[in-house]
Amino acid sequence: MKPGTIALVAASTILLTSCGSNEDFQQRMDKRNEAYSNYNDRRKIRTEARQERTDMWFERHMD
Numbered sequence: 207m208k209p210g211t212i213a214l215v216a217a218s219t220i221l222l223t224s225c226g227s228n229e230d231f232q233q234r235m236d237k238r239n240e241a242y243s244n245y246n247d248r249r250k251i252r253t254e255a256r257q258e259r260t261d262m263w264f265e266r267h268m269d
């Protein structure tokens, strides 16, 4: 085989492999999105708890 042919075959293999791995990419994206969603949920819970504690402190000291 000529060096140009080998390079063409190697490049074709890389391109075809990258096109065929969308499922793995989608799984990684789904996992990342789920982790980010969980992070935001926990952040919201912490913010609400902090606000509740602040409200309780304010009511206790202002009454």
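In the working numbering, the protein residues as written are 207 to 269.
Here a beta-carbon is modelled for each residue, glycine too, at the ideal position from N, C-alpha and C.
Considering only residues of the same chain and omitting the five flanking positions on each side of residue i, which have a CB-CB separation below 7 angstroms?
{"i": "A217", "result": "none"}
Report all residues from its chain with a CB closer than 6 angstroms to the CB of residue i; omit the five preceding and five following residues, and keep chain order.
{"i": "Y245", "result": "none"}
- Item | Within the region 219 to 267, ranges of the alpha helix (DSSP H) (whole runs, at least 4 residues) | none
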